[in-house]
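All residue numbers in the sequence shown are consecutive under my numbering, ending with 1280. Think of the CB as a built atom: it goes at the ideal place given N, C-alpha and C, for glycine as much as any other residue. Below: the structure, in structure tokens.
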Amino acid sequence: MMAVSSSCKGGDTLGMDNGKYVRYTPEQVEALERLYHDCPKPSSLRRQQLIRECPILSNIEPKQIKVWFQNRRCREKQRKEASRLQAVNRKLSAMNKLLMEENDRLQKQVSNLVYENGYFRQQTQNTALVTTDTSCESVVTSGQHHLSPQHPPRDASPAGLLSIAEETLTEFLSKATGTAVEWVQMPGMKPGPDSIGIIAISHGCTGVASRACGLVGLEPTRVAEILKDRPSWYRDCRAVDVLNVLTTGTNGTIELLYMQLYAPTTLAPARDFWLLRYTSALEDGSLVVCESSLNNTQNGPSMPPVPHFVRAKMMPSGYLIRPCDGGGSIIHIVDHIDFESGSIPEVLRPLYESSTLLAQRTTLAAFRQLRQISQEITQPMVTSWGRRPAALRALGQRMSRGFNEAINGFTDEGWTMMESDGIDDVTVLVNSSPDKVMGAAPMYADGFPSSINNAVLCAKASMLLQNVPPAILTRFLREHRSEWADSSIDGYSAASVKAGPCGLPLARNGSFGGQVILPLAHTIENEEFMEVIKLENMAHYRPDDMLMPADIFFLQLCSGVDENAIGTSAELIFAPIDASFTDDAPLLPSGFRIIPINNVTNSQNPTRDLASTLEAGPPGKRTAADYLGQSGPTKSVMTIAFQFAYEIHLQENIAAMARQYVRSIIASVQRVALALSPSPFGARSLQAPSGTPEAHLLTRWICQSFRFFLGEELFKNVDERSDSMLKTLWHHSDAIMCCSLKVCLFFIFHAF
């Protein structure tokens, strides 16, 4: 028998004849390569067929071809592994460079702190010798001398704008790579090869600030192009208008921008900014895009106040983009903003005084957009339902934008407020502008709307929640829609995106069965995912014989459901769609937004907060008790907004229905929040057991209450964590009375 040996080296040009190696001809190698691309691992029959079909291979034994394919697969595997290792090595090298720069920055910060400590110690020891120098216009702050005024007057000429731009660049670089701001690592974010980057938040500076640095696989010019298009990735950005563009002598550009941000809740006004943006290339090849607000003290161009907006201030911020060896870019992002939080109630000021929220909603959003686009370029793919990732991103952007428009209800978009029904808990707005109606109704082929609905109504409200982490509540609302939604109103919403009239929704009829979640896409870090919710119709006709959709479909966007993230806001946004919806399908988004408003302002000591997170023990799922143990009672503000398309003559009826529906949702959310909050009888795990989680949760509460008030166990030898406890309670020989006390005293009795 002839021995056969194979090697991964040189196997493409060597053959074997009677135990001796011979070379393949270039034509034979070319033919084998073509066959390999069609079928990398052919069977024995397939190899024999290849020899018959390709005359140039007729003098090669099938066993030789088998060896060639083995070697070829081995080389392909080695090539892929080498490419992967090279990519990992480039990433590690870039991360090492970032960490070295961060180490240098921290050493400078330590030196400054040591200097300031020595300065203050000397000042304390020589208090009797301290005198106030009135002969020069300077002040001493933290051991450093700042000339007064800090910003000399300038004018609106190109030279004056360039002077402001250069100062903005200098201040931005001092924050991105220097010690102008005291940065501390954001809790819950650990740098590493698989992390999104090095994330830090400010401590003790004016306003709120966050900084991130990391690596993306895009060239610097492409990165700058994406980041400058802020509305494409920043969901809270309503609009950015470029009012003027100037070119500098160093091939840079100066732009005057007016930017508007949506308000995150109905309880606070929106913000706007009057900005100067400076784009320039540094001597080392880096690209810089920096921005800062223009104010009256600089004597530059001004922008008058805009009604319904609070003028906020952006301190020097921006992007430092460095080319990376081997491709890609190293990016430093700094966001530093003073949101003028004094214009809102004190309980809501943490919305605009939290550097953590700024990092999550702005800084990290920019990084995720860059990494998502980079991944789509290197690994092109088509997701389920035949959508490309870029199309799904656009759908997600439309969903968020529509939801933000509903929450804010700007008059320049056609929204007008209806009169209250005497209770101011729910605000109702209507919009009959052509743009809104056309965007909410499907179109015929001739471009006209296929539905006779000619207006859109929005019912919205905000409420304060306590002791319920946003991630846990949002996940419950996503997975248990039947606990808060009305199936008949879901049917009405679904009918509004189809051709033909849709009447008033009827009372809750329970005609729709369970929900089916069909995943569409998710971001790299699973921070946000998109899915289709299918509600199966159990009866295709309503009692009034009006045809209902066979099934109801909702496009749903969910984010912030990671329990391990600290202080993360969460959203659940959905819109009814047709089963065969297109990328430009009409969307009328509704949903929930939950933002934590704990005392997380910059006045706190972030070092203490960071230490508390490091002492929390090994990583794992956090429960409500974990949150309470770390930072005291959690508080958050939930904003609810629901939109309905309707015929204008039904406005009063639809408004009454919408108010009642939102109030019922608020009551359901309060009930769910109470069920998910930590029990007064001790900490418990909120991880859902098998079966129905609500039933097991209720059973555990009954047992804990029985033990607390009567001092004995309800069941003997039954583990409260077991699935059999519910069955044991159901078949208990004695009747069990459960009462619930609320503000207005009433009792609910259940007999088991």
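Distance between residue j and residue i (C-alpha atoms, nearest Å)
| i | j | result |
| --- | --- | --- |
| H1260 | F1004 | 29 Å |
| L1226 | Q1232 | 10 Å |
| I1168 | F1120 | 5 Å |
| T659 | T891 | Residue confidence is low: T659 scores 43 on pLDDT, short of 50, so the model does not pin down where it sits. No coordinate-derived value is stated. |
| R601 | A922 | 39 Å |
| Q925 | S760 | 7 Å |
| E1055 | D1090 | 7 Å |
| A796 | L804 | 26 Å |
| A1013 | T906 | 41 Å |
| T1110 | Q900 | 22 Å |
| F837 | D764 | 14 Å |
| S990 | I935 | 10 Å |
| C852 | I1061 | 42 Å |
| F801 | E609 | 49 Å |
| L1083 | D1112 | 13 Å |
| R580 | I588 | 11 Å |
Spatially closest choice to residue i from the options, by CA coordinates
| i | options | result |
| --- | --- | --- |
| V984 | D1111, L1115 and E555 | L1115 |
| K619 | C741, A728 and E710 | C741 |
| N959 | L774, L560, F1234 and G942 | G942 |
| I1122 | L578, R889 and L784 | R889 |
| L746 | L755, S738 and R739 | L755 |
| S821 | Q788, R850 and L743 | Q788 |
| P583 | P568, R562, Q556 and H565 | Q556 |
| Y786 | A752, T794, R839 and D764 | R839 |
| G813 | G706, L848 and Y806 | L848 |
| K591 | R575, Q606 and R603 | R575 |
| A809 | T793, W802, I865 and T749 | T749 |
| I1017 | T696, E874, A1183 and S869 | A1183 |
| Y1020 | D1106, D953 and E1007 | D1106 |
| K1255 | K703, A1223 and E783 | A1223 |
| R766 | V956, A615, N932 and E694 | N932 |
| E881 | F867, I1176 and P962 | F867 |
| M714 | L701, S702, T707 and R739 | R739 |
| A622 | Q606, R562 and G725 | G725 |
Distance cut-off 7 Å: residue i Cβ against heavy atoms of the ligand PLP
| i | result |
| --- | --- |
| P844 | Of the ligands one can find in the structure shown there are none, so the ligand PLP has no counterpart to examine. |
Expected contact under 8 Å - CB spacing of residue i and residue j to nearest Å
| i | j | result |
| --- | --- | --- |
| V862 | S845 | 5 Å |
| L689 | I1000 | About 50 Å separates the two Cβ atoms, so there is no contact after all. |
| S1097 | L885 | 7 Å |
| Y806 | G777 | Actually they are not in contact, since the Cβ atoms of Y806 and G777 sit about 13 Å apart, beyond 8 Å. |
| V712 | A728 | 6 Å |
| G732 | E699 | Not a contact, Cβ separation roughly 17 Å. |
| N1126 | P792 | Contact doesn't hold; Cβ gap of about 15 Å is too wide. |
| L1100 | T1002 | 5 Å |
| I858 | L743 | 6 Å |
Assigned secondary structure, residue i (DSSP; H/G/I helix, E/B strand, else coil)
| i | result |
| --- | --- |
| G950 | coil |
| F1109 | coil |
| M714 | coil |
| Q788 | strand |
| P686 | helix |
| R758 | helix |
| Y1189 | helix |
| Y552 | coil |
| A693 | helix |
| E819 | strand |
| F1237 | helix |
| A1013 | coil |
| S978 | For S978, the predicted model reports a pLDDT of 47, less than 50, meaning its position is unreliable; a value from the coordinates is still stated below. S978 falls in the coil class under three-state DSSP. |
| N772 | strand |
| F1284 | There is simply no residue 1284 to check, as the chain begins at 529 and stops at 1280 in what is shown. |
| L923 | helix |
| E1059 | strand |
| K605 | helix |
| V862 | strand |
| G1088 | coil |
Residue i - containing beta strand (DSSP E), residue span
| i | result |
| --- | --- |
| M1166 | K1163 to Y1174 |
| L886 | Segment S883 to L886 is the alpha helix (DSSP H) holding L886; no beta strand (DSSP E) there. |
| K988 | A983 to Q994 |
Terminal residues of the alpha helix (DSSP H) in which residue i lies
| i | result |
| --- | --- |
| F521 | An answer regarding residue 521 cannot be provided, because it is not within the stretch 529 to 1280 covered by the chain. |
| I901 | L892 to T906 |
| A728 | Run containing A728: none in the alpha helix (DSSP H); it sits in the beta strand (DSSP E), I726 to S730. |
| R574 | S572 to E581 |
Cutoff 8 Å: residue i Cβ touching any chain B Cβ
| i | result |
| --- | --- |
| W1258 | Any reference to chain B falls outside this structure, which holds one protein chain only. |
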